[in-house]
Amino acid sequence: MANSLPRARREIEQIPTGSTKVYRRQLPNILQYLGQQLNLAPKFDADKGGDGAYHVNQLTLTALDGLSNELHDTHHPMAVGLAYEDQKEEAKRAKDWRENRILNGDGPWLYGGELTYADLVLYQYLDGVKFTFPNALTKAEKSGNYSKVFTLHEAVKERSGIKQYLESDRRQACSNGIYQYYPELDD
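So the sequence shown is residues 1 to 187, counted in full-length UniProt numbering.
Below, the structure is given as structure tokens:
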């Protein structure tokens, strides 16, 4: 019964553990599971209420729900089904988002002095925002007001396995997915 839920695009992962298959749906849940398996999050400690693990999950949810969705909505302010060209006037709200929502984090690292999956999510988010709003991010970085966030971004990028991946042909560049560049929205 637990696995009879409808299959969703990309949010579903099937992860074999031993002889049993474990189904995880929704990206935050998948990340929480993998964070435990790959030591990218504090372990759930029943005596301490799992505080560290929940805190990392909370940081991840903030980045995924609040930041990634809002970024996408800057070029789809009315409806995701409508083309950007049909929503240009309403998309001007992107300025408010750039000025008031991005880069209010703290880093490296976000929790416990060690890399967690929340740091990886923030890295990916910031990398996408650098594509979407390159001028705004250059100004933000030069301002010095967000140095810890940009330091986190660089620290993640310099980790050996990640650096190798970023330099490989396996890395897909941002294009017309969640992160889209419209020059008129980037002042």
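Using N, Cα and C, we set each Cβ at its ideal position, and we do this for glycine too.
Legend entry - Span separating the alpha-carbon of TYR146 from that of TYR23: Residue 146 sits at position 146 when you count from the first residue of the sequence shown. Residue 23 sits at position 23 when you count from the first residue of the sequence shown. In a straight line, the C-alpha of TYR146 is about 38 Å away from that of TYR23.
Inset, instruction - Return the CA-CA distance between ALA118 and GLU85, expressed in angstroms with no decimal places. - result: By 1-based counting over the sequence shown, the position of residue 118 is 118. By 1-based counting over the sequence shown, the position of residue 85 is 85. The alpha-carbon separation between ALA118 and GLU85 amounts to approximately 34 Å.
Legend entry - Proximity of ALA63 and VAL121 at Cβ, strictly below 8 Å: Here residue 63 refers to the residue found at position 63 of the sequence shown. Here residue 121 refers to the residue found at position 121 of the sequence shown. Cβ atoms of ALA63 and VAL121: closer than 8 Å.
Legend entry - Own chain, CB closer than 7 Å to GLN37, minus 5 neighbours either side, in chain order: The residue labelled residue 37 in the question sits at position 37 within the sequence shown. Excluding residues within five positions, none has a Cβ falling inside 7 Å.
Inset, instruction - Taking only the alpha-carbon atoms, compute the straight-line gap between ARG170 and ARG159 and give it to the nearest angstrom. - result: One-based indexing of the sequence shown puts residue 170 at position 170. One-based indexing of the sequence shown puts residue 159 at position 159. Straight-line Cα distance between these residues: approximately 17 Å.
Inset, instruction - Have a look at LEU34 and GLY161 and give me their C-alpha separation to the nearest angstrom. - result: Start at 1 with the first residue of the sequence shown, and residue 34 comes out as number 34. Start at 1 with the first residue of the sequence shown, and residue 161 comes out as number 161. Those two C-alpha atoms are separated by around 17 Å.
Inset, instruction - Put TYR23 into one of helix, strand or coil per three-state DSSP. - result: For the purposes of this step, residue 23 is taken as the residue at position 23 of the sequence shown. Strand, per DSSP.
Inset, instruction - Would you tell me roughly how many angstroms separate the C-alpha atoms of PRO108 and PRO42, rounded to the nearest one? - result: By one-based count along the sequence shown, residue 108 stands at place 108. By one-based count along the sequence shown, residue 42 stands at place 42. Just so you know, the alpha carbons of PRO108 and PRO42 end up roughly 16 Å apart.
Legend entry - Cβ pair GLY52, GLY113 closer than 8 Å: Along the sequence shown, read from residue 1 onward, the residue named residue 52 stands at position 52. Along the sequence shown, read from residue 1 onward, the residue named residue 113 stands at position 113. The answer is no: Cβ separation not under 8 Å.
Inset, instruction - Give me the Cβ distance between HIS153 and TYR123, rounded to the nearest whole Å; I'm assuming they're in contact under 8 Å. - result: Along the sequence shown, read from residue 1 onward, the residue named residue 153 stands at position 153. Along the sequence shown, read from residue 1 onward, the residue named residue 123 stands at position 123. TYR123 and HIS153 do touch by the CB rule: their CB atoms are close to 6 Å apart, below 8 Å.
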